[in-house]
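Read through the structure below, which is laid out as structure tokens, and then see the notes.
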Amino acid sequence: FHCSNALGMESNKISDDQISASSSFYDGRWSPRQARLNFEDNAWTPNEDSIKEYIQ
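Here it is in structure tokens:
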């Protein structure tokens, strides 16, 4: 599969409320919206270090 077009994570075409995760670490500073491409702050971090954690 080859993707040659942007999907919307960097441009916000995919809105924050469309991004979810199994959990987020601590106080929201590592929320799923932080997983955006070229986001200039913290990154998404799950609450636990587990293979069961996911982002979608």
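Mind the numbering: the sequence shown is residues 16 to 71 in our numbering, read in order. Note that beta-carbon positions come from the ideal geometry of N, C-alpha and C, so glycine has one too. Just so it is clear, the structure is predicted and the values come from calculations on it, not from any experiment.
Open item on the list: Measuring only from the beta carbon, is N57 closer than 7 Å to any heavy atom that is part of the ligand MN?
Closed with: No copy of the ligand MN occurs in the structure displayed, which carries no ligand at all.
- [ ] Have a look at A58 and A50 and give me their C-alpha separation to the nearest angstrom.
- [x] Straight-line Cα distance between these residues: approximately 6 Å.
- [ ] Reducing DSSP to helix, strand and coil, say where A21 ends up.
- [x] It is coil, neither helix nor strand.
Task: With 16 other Cβ atoms within 10 Å as the buried cut-off, status of S30 - done: Exposed: under 16 other Cβ atoms inside 10 Å.
- [ ] Using three-state DSSP, classify A36 as helix, strand or coil.
- [x] Looking at A36 - three-state DSSP - the assignment turns out to be strand.
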